[in-house]
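Visitor: Got a structure here, written out as structure tokens. Questions coming.
Chains as they are written, first to last, in my numbering: chain D, 9 to 314; chain F, 411 to 738; chain Y, 1187 to 1562; chain H, 174 to 424.
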């Protein structure tokens, strides 16, 4: 296994991680500020991908597709926040789980109703397609590099938003003490809608970006949703920094585990069996990682201690 | 409309018993199968309700025990039907087609798994608990998919339903009888448990863990035992479900199934003895009738669930008795 | 019940030949991910039934949601409640394994329009089970054979880590005579193949074989095309079918895939099928649609000479496979699985539409590796 | 009084949260039959001290001794079994259940009876007897069937005490029992606590100075985690240090 391959795999893990971060950031904000578990976050990811595919297909412009993804996901987010979610803030976790589970059903089958049962087409824009050669002779797809860049930029942007702006102050206040922001004269219900829409837009953006290199289909949100939950639980629910670290950890564990575990198993097993058992253990890898983190720190790496 | 809960409970049980007899009379065996399915799902949800309704622990990974029960049945019956030896390293056996033995194994394995999973998961609480149980579910799911020896994703088919001494389990009404009797038995046990000192402590634990510890009771042990009991019952249901379908597959471990179990409980009413039973009946009926109406029945199911959460606190039982259920 | 009476009335009014009504149960996937395959099988099947002009065939269609337990429940319903004579429709191997053994043991005929798991072709074969599509390994074997003729000597192969994935790689290796540069099992449902693609790049292979059904294949192909690796790719038809090809787009152009059917197979039945399917549903037919269509025609041909109530005669009629298949010659082997020609096709673009063109024959009159184990 | 062996004793307890010393070398004793009040301004570390005594927090250094036995290493529940009967500042009751069921929980704990799965707790004579006796002692017998959520604030305080009583504790630890009570309620509760010291001594953390001066045999003043004075009501009133650090500031 050459150094080039290892670097390439690390890049892959990084790219996977930053995309997970886009999903996880919204989830963790929504949980941190409003105390809401949103299982339907994956549906917003799907909405973003479908909107991008539909608009990019109609106009031929990937960029317009991205704009559409952001708009559609934010709109869908606002809509469900106003109609359903805001009634759930005070409700027990159990009700939140059930209601947002119900939203998944509505979104998934509703999308199938509108777009049909076959996957949609969404293509990498020409300007970003194909590989580039990195220093050291590594050939790496330009689009994936762009994804890493966008993900990191958004991470920085979110950090600035939260640390440096008025809204950020309100968000941080909301995480610490909900009554206090009311006392500060902030319109809470508007703030909540705003945060929810922001989280939704991030998910939609992730869906559209990833949709270009994956399959845009009904149900695409659920596997990512579960991974995003793993991420925020590892990072500590409510912590953006935790979500970032958690996302990178999960991305790297999943990618590198899948590549290297079978190799490790080959040291003491015959290749075919090693390949199979290595793959099996690797598919459980991130859950094992999460279990270990929670045993060590029951509220995640950066979670508030009870 | 306010009706005493025990009247509703009685009526539901009588209804569940009567429907298959009626179906037998008019020769509609599929109705019996459908009711049997509801009864088994109810049993699984009754198990989950011990931790979820009474202990306030939202386990999003109970499919683990359902699947383990199913695979206990599948593996034992597979070795029996292929006349191969099941080698556990320290112990070999030839498998079995006898339901009572399968049940014991299913419950035993589920209980052991629940013990170890509980030991880890119960250190956390709230959302962390929800998520770590979910993670365990996923671990088992992926393991089952890649476990080629027992069919992997294809699952295992058992060609003939397992036997129960003195009965012909292939006759739908007789198999229904077995499942219904087990459900009643578990309900009786649960009703007693609920009022016994252990139930009192578990119930208190949901409301205030500090209070329970201050009374000299060990919260962790109480939760752990509840989790183990709960897992064992859901495991039993898994074994029965596998026998109903004569088939097991990793789908039994899926997180969607864990979600469905929670849905059943909430439809019926959280923390109520018969909540899961009513929920299971309604769910199976919805699935059957809505599924027949339109391909997109999930949309309607979703809307109905939303309605229940937003407007029907306490589930159907809450609606009928005019009382909210337990707060979780 | 009402339907029955109507059908009976219609039969008596038209004074049709005294054929008893035939009831067919179709269990297929119509909702959730993968619904596209079930819809195609259903549409192909119903097209053939409609074209036959027979009104004494009652087809009951139910959605299995791709869940094995639902499929089993539906088959119980079909057999116990609807009392169907023939079952068909299942798309997925794991669902077929859950339903078929129990169903055929209850003296119902099962005609498989898509799944062909190896146990049902070998030791677990059954006199009442007929597979109209292929044994699961077939298209992969053909891919292996094609790789030989294309002169590949060092393949990198990958498939998801589940039984059909193992079968796929086994099938390819059974016929491929070259070496393996790498063999990878991916996670079921995996959507990102960057890691695997990096391994392919580093492996020094001269060709890639993959079996990644549904969305997995779309993701893989898009990412592979974007990676800049230009090794030739071979795969079974499933990732290049009409239904999903549009979602893969240009990434699939030029890829060779193996199939027992294509819309340009030159025979009158096929031409008529492609034309009427397009007219009826407004889209090009897929592989699955052709399989549904053939399944219905097999059933219709058997019904011409026997009624399912006479099980032995009906079985003989099925076994004769006396119908015009969209794929040309079609016959059953001793294990009731097809003996058929499998073609190599190439993905091309016709105007805006991506589709396939046959470029050669991969395997002629091919049976399967399990027939010898079948004791019927 | 101080010559008898203390029932409960803290020895040099210290606890820091970062730079903040919440508890600073606190050594206090609780003698048989006495009420020992701990007072101090908000944020003086009273709650932190109680949590360390009851086992919810681990001290950094120092010991907690009950009946001459070091219980520092025990869990909350083990300390309860060893004889610490605690009431909470914010009521920790099972609001959905009846008063009797709450008291029964205490009885279950007292008798280590949680591992019983079949017989109803309500029908188990010895559990019921313990629970009812405790309710009678605090004057809640008439409310036995009332749902806890429907109880008045004062009655909830009484129930807290009753639950502690079911344990037949060696020492009571009471965290601001008078908080949120009206004058009449405070008076009734003061009478109850006054009589309770015969059953077991009480370590009383309280803000209500009337109650403290009416009840306490001894008073310790906690400021910034440190005990700055211990003595009778008279001594505390006249202590200059206390005036400066506490009363002076307050008035």
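Backbone N, C-alpha and C fix where the C-beta goes; we use that ideal spot for every residue, glycine too. Computed from a predicted model, the values in this text were never measured in an experiment.
1. Could you tell me the distance, in whole angstroms, from the CA atom of residue 1405 of chain Y to the CA atom of residue 70 of chain D?
2. In its own chain, which residues sit with a C-beta less than 6 Å from the C-beta of residue 89 of chain D, not counting the 5 before and 5 after it?
3. If you measure between the beta carbons of residue 199 of chain H and residue 395 of chain H, is that distance less than 9 Å?
4. For the beta strand (DSSP E) containing residue 1344 of chain Y, list its first residue and its last residue.
5. For residue 1291 of chain Y, count the other beta carbons within 10 Å of its own beta carbon; 16 or more makes it buried, fewer makes it exposed. Which is it?
6. Do residue 635 of chain F and residue 452 of chain F have their beta-carbon atoms positioned less than 9 Å apart in this structure?
7. Alpha carbon to alpha carbon, how far is residue 40 of chain D from residue 342 of chain H? Give it in angstroms, no decimals.
8. What separation, rounded to the nearest whole angstrom, lies between the Cα atoms of residue 1477 of chain Y and residue 1318 of chain Y?
9. What does residue 53 of chain D touch in chain Y if you count any residue whose Cβ is under 9 Å from its own?
10. Three-state secondary structure (DSSP) at residue 1326 of chain Y?
11. So what's residue 149 of chain D in DSSP terms, helix, strand or just coil?
12. Assess contact between the stretch 1320 to 1337 of chain Y and the stretch 1408 to 1428 of chain Y, defined as three or more Cβ pairs (one per stretch) separated by less than 8 Å. Is contact present?
13. Measure the Cβ-Cβ separation of residue 1273 of chain Y and residue 1283 of chain Y and say whether it is below 9 Å.
14. Helix, strand or coil: how does DSSP classify residue 96 of chain D here?
15. Compute the distance between the beta-carbons of residue 461 of chain F and residue 633 of chain F, then report whether it is under 9 Å.
16. Please check if any C-beta of chain B sits within less than 9 Å of the C-beta of residue 524 of chain F.
17. Beta-carbon of residue 143 of chain D versus every beta-carbon of chain Y: anything under 9 Å?
18. Once DSSP output is grouped into helix, strand and coil, what is the label at residue 1370 of chain Y?
19. When the Cα of residue 365 of chain H is compared with those of H/330, H/399, H/378, H/322, which residue comes out closest?
20. By DSSP, does residue 1449 of chain Y sit in helix, in strand, or in coil?
21. In chain order, what residues of the same chain have a beta carbon less than 7 Å from the beta carbon of residue 252 of chain H, not counting five sequence neighbours either side?
22. Under 9 Å, Cβ to Cβ, is there at least one residue of chain D near residue 533 of chain F?
23. Which same chain residues, not among the five before or five after residue 1193 of chain Y, have their C-beta less than 8 Å away from its C-beta?
24. Any residues in the stretch 272 to 303 of chain D with a beta carbon nearer than 9 Å to a beta carbon of chain Y? Which ones, in chain order?
25. Pick out whichever of F/603, F/512, F/607 has its Cα sitting closest to the Cα of residue 649 of chain F.
26. At the 9 Å Cβ level, is residue 47 of chain D part of the contact set with chain Y, yes or no?
27. Within 10 Å of its beta-carbon, does residue 1373 of chain Y have 16 or more other beta-carbons around it, so buried, or fewer, so exposed?
28. Could you give the residue range of the beta strand (DSSP E) that holds residue 344 of chain H?
29. I want to see whether chain F comes within less than 9 Å of residue 167 of chain D, judged by CB atoms only; does it?
30. Which residues of chain F have a Cβ atom closer than 8 Å to the Cβ of residue 1377 of chain Y, listed in chain order?
31. Just to make sure I have the definition right: I need the residues of chain D whose C-beta is within less than 8 Å of the C-beta of residue 1348 of chain Y. Which are they?
32. Any C-beta of chain F within less than 9 Å: which residues of the stretch 271 to 305 of chain H qualify?
33. Quick one: give me the first and last residue of the alpha helix (DSSP H) that residue 1415 of chain Y is part of.
34. Could you tell me the alpha carbon to alpha carbon distance between residue 1200 of chain Y and residue 1487 of chain Y, rounded to whole angstroms?
35. Are residue 1320 of chain Y and residue 1528 of chain Y close, meaning C-beta to C-beta below 9 Å?
36. Answer with buried or exposed for residue 321 of chain H, where buried requires no fewer than 16 other C-beta atoms within 10 angstroms of its C-beta.
Guide: By the coordinates alone:
1. 18 Å
2. 201, 204
3. yes
4. 1340 to 1346
5. exposed
6. no
7. 41 Å
8. 7 Å
9. Those do not exist, as residue 53 of chain D stays about 12 Å from chain Y at its closest Cβ, beyond 9 Å.
10. helix
11. strand
12. yes
13. no
14. coil
15. yes
16. Here chain B cannot be found, since the structure's protein chains are D, F, Y and H.
17. no
18. strand
19. H/330
20. coil
21. 227, 228, 244
22. yes
23. For residue 1193 of chain Y, the pLDDT reaches just 44, beneath the cut-off of 50, and the residue's location in the model is therefore unreliable, although a value from the coordinates is still provided. 1207, 1241, 1242, 1244, listed in sequence order.
24. 279, 280, 283, 284, 286, 287, 288, 290, 291
25. F/512
26. no
27. buried
28. 344 to 348
29. no
30. In chain order: nothing, as chain F lies at least about 15 Å away.
31. Near residue 1348 of chain Y there are no residues of chain D at all, since even the closest Cβ is about 10 Å away, more than 8 Å.
32. 274, 275, 277, 278, 279, 280, 281, 282, 283, 284, 285, 286, 287, 288, 289, 290, 291, 292, 293, 294, 295, 296, 297, 300
33. Here residue 1415 of chain Y belongs to no alpha helix (DSSP H), and DSSP marks it neither H nor E.
34. Note on residue 1200 of chain Y: pLDDT 44, under 50, position unreliable in the model; the coordinate value appears next. Those two C-alpha atoms are separated by around 21 Å.
35. yes
36. buried
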